[in-house]
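Peer 1: What follows is a structure written as structure tokens; I'll ask about it next.
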Amino acid sequence: MSCEFVKTRVELYVFSELGFDEEETFESHLGDCAECTALVEEYRQVLSLMDMAEVEPPPALLADCRAGLRAQVSARSAVERTWQSRVMGLMPDWPKLLRPAMGFAMLALAFYAGKQFEERKSVSAAGLQTARVRTIQGMGNGMVQIVLEEPRSRMIEGGLNETGIEQALLTAARQAPDPVMRIESLELLRNRCSRDDVRQTMLQTLEKDESPTVRLRALEALRPCSTEGNVRQALSRVLLRDASPNVRVQVIDMLVERPPSEFVGALQEAIRHDDNDYVRSRCLRVLSEMRASPGVF
Amino acid sequence: MDEAALIRAAQAGDQEAFESLVQTYDQQVLRLAYSLLRSNEESYDIYQEAFLRVHRNLDKFRFDCSFHTWLYRIVTNLCLDALRKKKVRKEEQAVIETSEGPKDRLELAAEERAEMDPQRKLLSRELRERIDGVLSGFTPRERVVFEMRHYQGMRLRAIGASLGTTEEAAKNCLFRATQKMRLALGDFV
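As given, the protein sequences belong to chains A and B, one line each in that order. 939 is the number of the first residue of the first sequence in my numbering; add one for each residue after it. 14 is the number of the first residue of the second sequence in my numbering; add one for each residue after it.
This is the structure in structure tokens:
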């Protein structure tokens, strides 16, 4: 394999956007060629310089946007309701008329899905803890296709309920070097936070992942179980320690929905120590709404 | 409630479902718009227009593609239009309002990272200008593809679908953008 092969594909290799076979060929050449390895390293460094240009919107902007949208949607809905009330009386109740047909269709679909699932071979979890996850591809029908390297790559395919698939996604969420892959894993696992191992992975990602985007995804996935003990404790820690003001503000928004008692202490501490004006003012407002003192006595 | 159920509820006029749907994606949407346009006002406008279009047209959403793709098609079109309206990139005000007054976006980013890594303090003004030059040298499409891939962590297939084009076309954009970056920044590494 020639250096030309690498030189014409390095731009995509650094984004992990080569096809499976091309990436194999590419990497086997890198093992034998110091010049091409240096070229790949140069591209990686250029990309890391571009990280300087990454910006996050000011935390207050999201709240402003949401408030603005809520107002506009309410105004629009009010206008629509006036129109609807005029024509409603003239229309037949289609949902009621179609309900029996829909029920039959759902039954047929469930039967078909059940047959499909029954026939699928389950995926072995053996060796997945040490595997390197190379690609994850959601297939759009509740299925996911994952390519592992252990050390030879192999492809596994199956439903999210299959142990091997779930283990591979958990491993990718915790260890994949590419943040894109970690995000994709979290997205696929986000509705499974009721499971202890999934929740632990989400919590670990929330507290330890280096990328604020990935941490925000983990935080969003934890929203349905934000009232549970270990999640609340983690959220309080994140409020006080996370480097990203966006993450801290999202934690406040999440905790304020059903505030735990220890949340007051975390808010008071954030007011004293947080270096972001908006985060401090948000904490102050929440404490005031909770009728709690902003100071510690 | 899963996403499909949320969409159906929102289609049936459930405001809370619509809000939940918005809040599943709005941080990513705002992040993309802000990163591309670097302006509070413009990213606010993109956010409002995108989600109002979603609200207006949600009843036409037929699950032919994922909701994410549908939403991003709207958002990227709005962002591309906004970028195209900025005829000369250098005329843009790359300024962010902070508690200490307005600051240059790249200077701020460098400062924030400098706190974490003292070596970053050594980054020269020339480098920051060079990075700004790289971004302004991208075509609007290259800019959007690079932002979505590098900062938002989206796959090229999804980016292509959002832009109403193929994965191959998105790949070509990323390829060209990466070559431009190396040309401009190669002597810094």
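Beta carbons: idealized from backbone N, C-alpha and C, even for Gly.
Contact criterion: CB-CB distance below 8 Å. Does residue 60(B) meet it with respect to chain A?
Peer 2: Locating residue 60(B) in the second sequence gives position 47, where the first residue counts as 1. Interface residue, yes.
Peer 1: Nearest chain B C-beta to residue 1185(A) closer than 8 Å, yes or no?
Peer 2: On the first sequence, residue 1185(A) is found 247 positions in, with the first residue counted as 1. So no, residue 1185(A) is outside the interface.
Peer 1: Using a Cβ-Cβ cut-off of 8 Å (strictly less than) and excluding sequence neighbours within five positions of residue 175(B), which residues of its own chain qualify?
Peer 2: Taking the second sequence and counting its residues from 1, one reaches residue 175(B) at position 162. Once the five neighbours on either side are set aside, the close Cβ partners of residue 175(B) are 82, 85, 86, 88, 89, 161, 167.
Peer 1: Just verifying my parser: in three-state terms, what is the DSSP assignment at residue 166(B)?
Peer 2: The count along the second sequence starts at 1 and reaches residue 166(B) at position 153. In this structure, residue 166(B) counts as coil in the three-state DSSP scheme.
Peer 1: Answer with buried or exposed for residue 1077(A), where buried requires no fewer than 16 other C-beta atoms within 10 angstroms of its C-beta.
Peer 2: Stepping through the first sequence from its first residue, residue 1077(A) is reached at position 139. By the neighbour-count rule (16 or more Cβ atoms within 10 Å), residue 1077(A) is not buried but exposed.
Peer 1: Enumerate in chain order the residues of its own chain whose CB-to-CB distance from residue 96(B) is below 8 Å, with the five nearest sequence positions on each side excluded.
Peer 2: The residue given as residue 96(B) occupies position 83 in the second sequence. 49, 50, 153, 156, 157, listed in sequence order.
Peer 1: Can you name the residues that DSSP bridges to residue 172(B)?
Peer 2: Against the second sequence, residue 172(B) aligns to sequence position 159. For residue 172(B), which the question treats as bridged, DSSP gives no partner whatsoever.
Peer 1: Cβ of residue 76(B) less than 8 Å from any chain C Cβ?
Peer 2: The structure shown has no chain C; the protein chains it does contain are A and B.
Peer 1: Should residue 949(A) and residue 151(B) be called a contact, given that it needs their Cβ atoms to be closer than 8 Å?
Peer 2: Working through the first sequence from its first residue, we reach residue 949(A) at position 11. Working through the second sequence from its first residue, we reach residue 151(B) at position 138. Against a cut-off of 8 Å, the Cβ pair of residue 151(B) and residue 949(A) comes out as no contact.
Peer 1: Pick out whichever of 1164(A), 1083(A), 1075(A), 1103(A) has its Cα sitting closest to the Cα of residue 171(B).
Peer 2: The count along the second sequence starts at 1 and reaches residue 171(B) at position 158. Checking every option, the nearest Cα to that of residue 171(B) belongs to 1075(A).
Peer 1: From residue 179(B) to residue 1073(A), what does the alpha carbon distance come to, in whole angstroms?
Peer 2: For the purposes of this step, residue 179(B) is identified with residue 166 of the second sequence, where counting begins at 1. For the purposes of this step, residue 1073(A) is identified with residue 135 of the first sequence, where counting begins at 1. Cα to Cα, residue 179(B) sits roughly 20 Å from residue 1073(A).
Peer 1: Rounded to whole angstroms, what is the Cα-Cα separation between residue 66(B) and residue 960(A)?
Peer 2: What you label residue 66(B) is simply residue 53 of the second sequence in a count that begins at 1. What you label residue 960(A) is simply residue 22 of the first sequence in a count that begins at 1. So the alpha carbons of these two residues sit roughly 41 Å apart.
Peer 1: Counting Cβ pairs, one atom from each stretch, are 3 or more of them under 8 Å apart for the segment 191-199 of chain B and the segment 984-992 of chain A?
Peer 2: Yes, since at least three Cβ pairs between the segment 191-199 of chain B and the segment 984-992 of chain A fall closer than 8 Å, the two stretches touch.
Peer 1: Under 8 Å by Cβ, that's how I've got residue 1006(A) and residue 57(B) pegged, so tell me the actual separation to the nearest angstrom.
Peer 2: For the purposes of this step, residue 1006(A) is taken as the residue at position 68 of the first sequence. For the purposes of this step, residue 57(B) is taken as the residue at position 44 of the second sequence. Correct: roughly 7 Å between the Cβ atoms.
Peer 1: Roughly how many whole angstroms lie between the Cα atoms of residue 1095(A) and residue 1195(A)?
Peer 2: Sequence index remark: in the first sequence, residue 1095(A) carries index 157 (1-based). Sequence index remark: in the first sequence, residue 1195(A) carries index 257 (1-based). Each residue's alpha carbon lies about 39 Å from the other.
Peer 1: Please decide whether residue 981(A) counts as near chain B, where near means a Cβ-Cβ distance under 8 Å.
Peer 2: Residue 981(A) sits at position 43 when you count from the first residue of the first sequence. Closer than 8 Å: yes.
Peer 1: What does a CB cutoff of less than 8 Å around residue 76(B) pick up in its chain, not counting 5 residues either side in sequence?
Peer 2: Position 63 of the second sequence, counted from the first residue, corresponds to residue 76(B). If we look at residue 76(B) and ignore the five residues flanking it on each side, its Cβ neighbours are 17, 20.
Peer 1: Going by DSSP, what residues sit across from residue 1092(A) in a beta bridge?
Peer 2: The count along the first sequence starts at 1 and reaches residue 1092(A) at position 154. 1086(A), per the DSSP bridge assignment.
Peer 1: Measure the beta-carbon distance from residue 1106(A) to residue 1071(A) and round it to whole angstroms, keeping in mind my assumption that it falls under 8 Å.
Peer 2: Along the first sequence, read from residue 1 onward, the residue named residue 1106(A) stands at position 168. Along the first sequence, read from residue 1 onward, the residue named residue 1071(A) stands at position 133. Indeed they touch by this definition, with Cβ atoms about 6 Å apart.
Peer 1: Contact check, residue 1098(A) vs residue 1111(A) under 8 Å by CB: the rounded distance?
Peer 2: What you label residue 1098(A) is simply residue 160 of the first sequence in a count that begins at 1. What you label residue 1111(A) is simply residue 173 of the first sequence in a count that begins at 1. In fact, because the Cβ distance is near 13 Å, the residues do not count as touching under 8 Å.
Peer 1: Between residue 1157(A) and residue 1208(A), is the Cβ-Cβ spacing less than 8 Å?
Peer 2: What you label residue 1157(A) is simply residue 219 of the first sequence in a count that begins at 1. What you label residue 1208(A) is simply residue 270 of the first sequence in a count that begins at 1. Cβ distance not < 8 Å, so residue 1157(A) and residue 1208(A) don't count as in contact.
Peer 1: Is it the case that the Cβ atoms of residue 1217(A) and residue 1186(A) are separated by a distance below 8 Å?
Peer 2: The residue labelled residue 1217(A) in the question sits at position 279 within the first sequence. The residue labelled residue 1186(A) in the question sits at position 248 within the first sequence. For residue 1217(A) and residue 1186(A), yes; Cβs fall inside 8 Å.
Peer 1: Please classify residue 1139(A): does DSSP put it in a helix, a strand, or coil?
Peer 2: Start at 1 with the first residue of the first sequence, and residue 1139(A) comes out as number 201. DSSP places residue 1139(A) in helix when its eight states are reduced to three.
Peer 1: Taking 8 Å as the cut-off, decide whether the C-beta atoms of residue 1184(A) and residue 994(A) are in contact.
Peer 2: Taking the first sequence and counting its residues from 1, the one referred to as residue 1184(A) is at position 246. Taking the first sequence and counting its residues from 1, the one referred to as residue 994(A) is at position 56. Yes, they are a contact pair.
Peer 1: Step through the CB atoms of chain B and report whether any lies within less than 8 Å of the CB of residue 1002(A).
Peer 2: For the purposes of this step, residue 1002(A) is taken as the residue at position 64 of the first sequence. Yes, residue 1002(A) lies at the interface with chain B (some Cβ there is under 8 Å from its Cβ).
Peer 1: Does the distance from the C-beta atom of residue 990(A) to that of residue 59(B) stay below 8 Å?
Peer 2: Counting from 1 along the first sequence, the entry for residue 990(A) is found at position 52. Counting from 1 along the second sequence, the entry for residue 59(B) is found at position 46. No. Outside cutoff.
Peer 1: Just to make sure I have the definition right: I need the residues of chain A whose C-beta is within less than 8 Å of the C-beta of residue 44(B). Which are they?
Peer 2: On the second sequence, residue 44(B) is found 31 positions in, with the first residue counted as 1. Under the 8 Å cutoff, chain A gives 994, 995, 1151.
Peer 1: The alpha helix (DSSP H) with residue 1123(A) in it runs from where to where?
Peer 2: Here residue 1123(A) refers to the residue found at position 185 of the first sequence. From DSSP, the alpha helix (DSSP H) with residue 1123(A) extends over 1117-1127.
Peer 1: Any idea what DSSP makes of residue 1133(A), helix, strand or coil?
Peer 2: Residue 1133(A) sits at position 195 when you count from the first residue of the first sequence. Correct three-state label for residue 1133(A): coil.
Peer 1: Chain B beta carbons: is any one of them nearer than 8 Å to that of residue 1113(A)?
Peer 2: The residue labelled residue 1113(A) in the question sits at position 175 within the first sequence. It does not: the Cβ of residue 1113(A) has no partner Cβ on chain B nearer than 8 Å.
Peer 1: Is the CB-CB distance between residue 1116(A) and residue 954(A) below 8 Å?
Peer 2: Taking the first residue of the first sequence as 1, we reach residue 1116(A) at position 178. Taking the first residue of the first sequence as 1, we reach residue 954(A) at position 16. Contact flag set, yes.
Peer 1: What is the DSSP secondary structure of residue 947(A), counted as helix, strand or coil?
Peer 2: Taking the first sequence and counting its residues from 1, one reaches residue 947(A) at position 9. Note: residue 947(A) maps to coil in three-state DSSP.
Peer 1: Let's test the definition: count the other Cβ atoms within 10 Å of the Cβ of residue 1155(A) and tell me whether it reaches 16, buried, or not, exposed.
Peer 2: Walking along the first sequence from the start, residue 1155(A) turns up at place 217. Buried, since its Cβ has 16 or more Cβ neighbours within 10 Å.
Peer 1: So, under 8 Å CB-CB, residue 964(A) and residue 947(A) are touching, yes? Tell me the CB distance rounded to an integer number of Å.
Peer 2: For the purposes of this step, residue 964(A) is taken as residue 26 along the first sequence, with counting starting at 1. For the purposes of this step, residue 947(A) is taken as residue 9 along the first sequence, with counting starting at 1. With 8 Å as the limit, residue 964(A) and residue 947(A) qualify as a contact, their Cβ atoms being about 6 Å apart.
Peer 1: For residue 1085(A), which residues in the same chain have their Cβ closer than 7 Å to its Cβ, ignoring the five residues on either side in sequence?
Peer 2: For the purposes of this step, residue 1085(A) is taken as residue 147 along the first sequence, with counting starting at 1. So the list reads 958, 1072, 1073, 1091, 1093, once near-sequence residues are dropped.
Peer 1: Starting from residue 201(B), find everything on chain A with Cβ-Cβ shorter than 7 Å and list it in chain order.
Peer 2: For the purposes of this step, residue 201(B) is taken as the residue at position 188 of the second sequence. Under the 7 Å cutoff, chain A gives 987.
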